[in-house]
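Number of protein chains: 2
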Amino acid sequence: MSENFDISSLEDCLVKHIPPNELKEVKRILYGRSDDNAIPICETAKKIAEKNKFEVKSYQFDALSEDSRSPRIVKIGAIQNSIVASTSEPISKQRDAIHQKIGNIIDAAGADGVNILCLQEAWPMPFAFCTREKHPWCQFAESVENGPTTLFLKERAIKYNMIILSSILERDEDHSDQLWNTVVVISNSGKVMGKHRKNHIPRVGDFNESTYYMEGNTGHPVYDTQFGKIAINICYGRHHPQNWMMFGLNGAEIVFNPSATVIGALSEPLWGIEARNAAIANSYFTVAINRVGTETFPNEFSSGDGKPAHKDFGPFYGSSYVAAPDGSRSPGLSRNKDGLLICQIDLNLCRQIKDKWGFRMTQRLSLYGEKFSEASKLDYKPQVVKEN
Amino acid sequence: MSENFDISSLEDCLVKHIPPNELKEVKRILYGRSDDNAIPICETAKKIAEKNKFEVKSYQFDALSEDSRSPRIVKIGAIQNSIVASTSEPISKQRDAIHQKIGNIIDAAGADGVNILCLQEAWPMPFAFCTREKHPWCQFAESVENGPTTLFLKERAIKYNMIILSSILERDEDHSDQLWNTVVVISNSGKVMGKHRKNHIPRVGDFNESTYYMEGNTGHPVYDTQFGKIAINICYGRHHPQNWMMFGLNGAEIVFNPSATVIGALSEPLWGIEARNAAIANSYFTVAINRVGTETFPNEFSSGDGKPAHKDFGPFYGSSYVAAPDGSRSPGLSRNKDGLLICQIDLNLCRQIKDKWGFRMTQRLSLYGEKFSEASKLDYKPQVVKEN
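Chains as they are written, first to last, in numbering that gives the first Met the number 0: chain Z, 0 to 387; chain X, 0 to 387.
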C-alpha cells in the first residue's frame with residue numbers, strides 16, 4: 000500500500016537535492032550527525048523484505064569505550080505498517096491478515112538479530128476510534144495474557160530470543176470487561192512480563208479515544224530485561240514531557256512510543272520534535288513509531304472540524320525513527336510504506352550523556368514536585384507580576 | 000563580524016537547492032508551514048540595518064478570528080549579536096561599545112513598532128565564564144535597578160513604548176554582593192517591573208557557570224504586561240521541560256529564552272528541538288535567542304575535554320527563532336551575523352491551541368506533583384519490573 004505523497008521521505012529528498020558539502024552540515028544541524036551510520040542488513044532479512052514489499056533501514060549509535068563497563072550493544076527494531084483486509088470483513092479475518100503481514104516482518108527482524116522489537120499502536124486492528132462506534136470495533140479487544148495476538152507473538156519471542164512490545168486494545172475481564180489502550184511486554188522467554196496502559200488519552204480531531212477507555216492506572220513501569228531497561232510511552236503521552244520524565248526517573252534506557260497519527264491533524268511538524276526532545280531531556284533512547292496508510296470505514300463519520308462527514312481521516316504518515324540521548328537521530332522510515340527500522344545502540348551512551356550534560360543533577364526535582372502539587376490545587380494563585 | 004561557516008543559514012540552504020514543489024512539503028514537515036509568512040519591514044528599520052550591517056528577518060503567525068475576543072496582535076523582537084571591543088580593553092569600554100551597537104538595533108526595532116524585545120544572554124559582556132577567572136570579569140556585574148545597562152535601556156523603553164528583557168550578570172548589593180544570572184524586565188513605562196534569575200545552572204564543557212552563581216530563587220514569575228503575559232527561561236533552563244511547564248502553569252503566553260551556546264558543545268542539533276517542543280507542550284510562543292561570533296580571551300583556559308588549552312571556545316551559532324503553540328516556527332536568523340528577528344503574533348492562538356489539543360486538560364498534574372516529590376526522596380524505589 001502506498002499513498003501518493005509529494006515526497007515519500009524527508010531525508011531522501013534532502014540527499015537528492017543538496018550538494019554533498021552542504022548536505023554534511025545540514026545533516027549535522029538537523030540530525031546531529033554528518034555521516035551515514037547505516038549498518039549492513041543480513042541477506043535473509045533483505046530477501047524477506049523484497050518478497051513482502053516492505054522497506055528495511057538500519058542505523059548505528061556508538062558510545063565511548065569505558066574501563067569500568069563493557070559496551071552494552073543492543074539491536075532494537077520498530078515496525079510500521081498499513082492494515083490488510085477491508086474494514087468491512089469479519090473481525091477475525093482482519094486481524095489474521097495483519098498477523099500474517101507482521102509475521103513476515105518479524106521473521107526479517109529475527110533473522111537480523113533484533114533483541115527488542117516494538118509494533119505500532121493498536122497494531123492488530125484498524126484505528127477505528129474515529130468512528131465512535133462501539134460495535135463492531137470493540138470485538139478487537141483482547142486479553143493481555145491469552146488473547147490471539149499475545150499467543151501469536153509469544154511463539155516468535157521464543158523463536159528469535161526477542162522481546163516484543165505489542166500495543167493492543169485490552170479487554171480486562173477481571174475488572175468488569177473494561178477496555179484499555181495497553182502495551183503487552185512479551186519477554187524473550189515467551190512470558191508476559193507485564194502490561195502498561197496509556198497514561199494520557201486524546202480528545203482531538205478524529206482521536207475520540209476517551210469514548211472508549213480511560214487514563215491508564217499502571218504508573219510508569221520500567222522493565223529490567225536482558226537487553227536493558229525499557230519503558231513504553233503510548234502515543235498521545237508523547238505530548239506530555241512530565242510523562243517521559245517519570246520513565247526516566249524510574250531508570251529507563253529506551254522508551255518506545257507506539258503511535259497513530261495522521262497528516263490532517265497537523266501533527267506532522269511535531270513528530271520529529273517530541274520524541275527527540277524526550278531523548279535529550281532524559282538522556283535515554285526513544286523510538287517513535289507511527290502507522291502508515293489510509294483506513295476507510297464502512298459508515299461515514301464527522302471530525303468535529305465543520306467539514307462534511309467522510310469515511311476516512313487521511314493517511315498516517317509513518318516516518319518512524321530512533322533518537323539518541325546526545326540529540327542525534329536516525330533517518331526516518333518512509334511516510335507511506337510498510338517498514339522495519341533496525342538500530343544498533345550502545346546503552347552505555349545513556350549514563351555517559353547524563354554525566355556530560357548533567358540534566359538529572361540540575362533538575363531540582365523536589366521543587367517541581369512541590370510546585371506541580373500546588374498548581375493542581377483548586378485555590379492555586381499563579382505567580383503573576385503586575386506593574387504598580 | 001562573520002564566521003566562515005559552510006552554510007550561514009539552514010533555511011536559505013534548503014530554499015536554494017530544493018525544487019519549489021518539494022520545498023513546500025519540506026517546509027511544512029520541518030517548520031509547520033508551507034508558505035512564506037514574511038511581513039514588510041519599514042524603510043527606516045531597513046536603512047538602519049544596512050548602515051550598521053545587521054540582518055532583519057520578519058514573520059507572522061495568525062490565529063482564528065473569535066466572536067468573544069478581538070485579535071491580540073503583538074510584535075515581538077529578538078536580537079543576536081557579537082561583542083565589539085577586544086576582551087583585553089577596560090570593562091567599561093567593552094560594555095559601552097556593545098551598548099552602542101545594540102542601541103542601533105533597538106532603534107530599528109522601535110521604528111518597526113516592536114512591542115516586546117529580548118536581548119541575548121549576558122548581552123553587555125563577553126561570555127567569560129569559560130575562563131573561570133573572577134577578575135576582571137566580575138566587574139561586568141551590575142545592579143538591576145540602577146546599573147548602567149538598565150539605565151541605558153530605560154530611556155529606549157520609554158522612547159519606543161517597548162518592553163525590554165535584558166539579561167545581565169547581576170550584583171545584589173542587598174545580599175552580600177552575590178552574583179546572579181538575571182533578566183531585568185523593563186516595562187514600556189521605563190520602570191523595572193521585576194527580575195528573574197536563571198533556574199538551572201550548567202556545569203558542562205566551557206559553561207562553568209556554577210563557579211559564579213547559584214540556581215535562581217525567583218520562582219517562575221509571569222509578567223502581566225500591556226502586550227500579553229510573558230516569562231523568561233534563561234539558557235540552560237531550556238533543557239528542563241518541567242521549568243518550561245511551570246511558566247505555562249503560571250499563565251505565560253510568550254516565554255523568551257535568551258541563551259549562549261556554541262557549536263563545540265554539540266548543542267546545535269538540540270537547538271531547533273527544545274524551545275519548539277516547549278511551545279508545543281505548553282501552548283505558548285517561545286523565542287530562542289543565541290549569541291553569534293567567536294570571543295577570544297587574554298589568557299588560555301582548558302575545556303575539560305582532554306584537549307590543549309586555548310583562548311576561545313568556538314563560535315556561538317546564532318539561529319535565533321520563534322516557535323508557535325501550533326508547532327510551527329519562523330525561519331532562523333543566520334548562524335554567523337548580527338540580526339534582528341521580528342514576529343507579529345496573535346496571542347489568541349495560545350488559548351485556541353489549548354482548546355484544540357487539550358494538553359492542559361489531560362496533563363494529570365496532581366499525579367506528577369506526587370510522583371516527582373516521591374522520586375526526589377532519598378529512599379525512593381523506582382517502579383521496576385523484573386522477570387520472575
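Even for Gly, the Cβ is constructed at its ideal location relative to N, Cα and C.
For residue 49 (chain Z), the enclosing alpha helix (DSSP H) starts and ends at 42-51.
Beta bridge pairing from DSSP links residue 229 (chain X) with X:222, X:253. Between the alpha carbons of residue 246 (chain X) and residue 153 (chain Z) lies a gap of roughly 46 Å. Annotation: the continuous beta strand (DSSP E) that includes residue 338 (chain Z) extends over 338-345. If you ignore the 5 residues before and after residue 140 (chain Z), its C-beta comes within less than 6 Å of the C-beta of 168, 170, 178, all in its own chain and listed in chain order.
Between residue 76 (chain Z) and residue 116 (chain Z), the C-beta spacing is below 8 Å. Not a single C-beta of chain Z is nearer than 8 Å to the C-beta of residue 314 (chain X). In the DSSP assignment, the residues bridged to residue 322 (chain X) are X:285, X:328. If you check each beta-carbon in the region 52-76 of chain Z against every beta-carbon of chain X, none falls closer than 8 Å. Secondary structure of residue 74 (chain Z) (DSSP, three-state): strand.
Those residues of the region 269-281 of chain Z placed with their C-beta closer than 7 Å to a C-beta in chain X are 269, 272, 273, 275, 276, 279, 280, ordered along the chain. Under the Cβ criterion (8 Å, minimum of three pairs), the region 206-222 of chain X counts as touching the region 119-133 of chain X. Taking 8 Å as the upper bound for CB-CB distance, residue 261 (chain X) and residue 312 (chain X) are in contact here, some 6 Å apart. Cβ contact annotation for residue 283 (chain Z) (same chain, cutoff 7 Å, sequence separation greater than five): 247, 251, 252, 253, 254, 324, 349, in chain order. Considering only Z:329, Z:281, Z:277, Z:270, the residue with the shortest C-alpha distance to residue 290 (chain Z) is Z:270. Residue 277 (chain Z) has its alpha-carbon roughly 13 Å from the corresponding atom of residue 230 (chain Z).
Here residue 68 (chain Z) is exposed, its C-beta having fewer than 16 other C-beta atoms within 10 Å. A distance below 6 Å between beta-carbons, with the five flanking residues on each side excluded, links residue 239 (chain Z) to the following residues of its chain, in chain order: 199. Across the structure, residue 162 (chain Z) and residue 182 (chain Z) are spaced so that their CA atoms are roughly 12 Å apart.
Per DSSP, residue 20 (chain Z) is one residue of the alpha helix (DSSP H) stretching across 19-30. Counting only the Cα atoms, residue 12 (chain Z) lies some 42 Å from residue 249 (chain X). Between residue 156 (chain X) and chain Z, the shortest Cβ-Cβ separation is not below 8 Å.
Collapsing the DSSP output to three states places residue 86 (chain X) in coil. Pairing residue 99 (chain Z) with residue 166 (chain Z) gives a Cβ-Cβ distance that is not under 8 Å. In chain order, 268 make up the part of chain Z whose C-beta sits under 8 Å from the C-beta of residue 30 (chain X). Under the DSSP assignment, residue 310 (chain X) falls outside any alpha helix (DSSP H), being part of the beta strand (DSSP E) whose first and last residues are 309-311. Judged by beta-carbon spacing, residue 44 (chain Z) lies within the 8 Å limit of residue 55 (chain Z), meaning their Cβ atoms are closer than that value. Under the DSSP definition of a beta bridge, residue 316 (chain X) partners with X:291. Assigned with DSSP and collapsed to three states, residue 212 (chain X) falls in coil, not helix or strand. Straight-line measurement puts the Cα of residue 294 (chain Z) at about 27 Å from the Cα of residue 145 (chain Z). Here the region 185-204 of chain Z makes contact with the region 343-360 of chain X; the two share three or more CB pairs at distances below 8 Å. In this model, residue 374 (chain X) and residue 172 (chain X) are separated by some 37 Å (Cα to Cα). Taking the beta carbon of residue 117 (chain X) as reference, no residue of chain Z falls within 9 Å; the closest one sits roughly 16 Å away.
Cβ neighbours of residue 79 (chain X) within its own chain (closer than 7 Å, five residues either side excluded): 119, 288, 289, 290, 291, 317, 319, 332, 337, 338. Under the Cβ criterion of 8 Å, residue 245 (chain X) is counted among the residues facing chain Z.
DSSP places residue 60 (chain X) inside the beta strand (DSSP E), whose first and last residues are 54-60.
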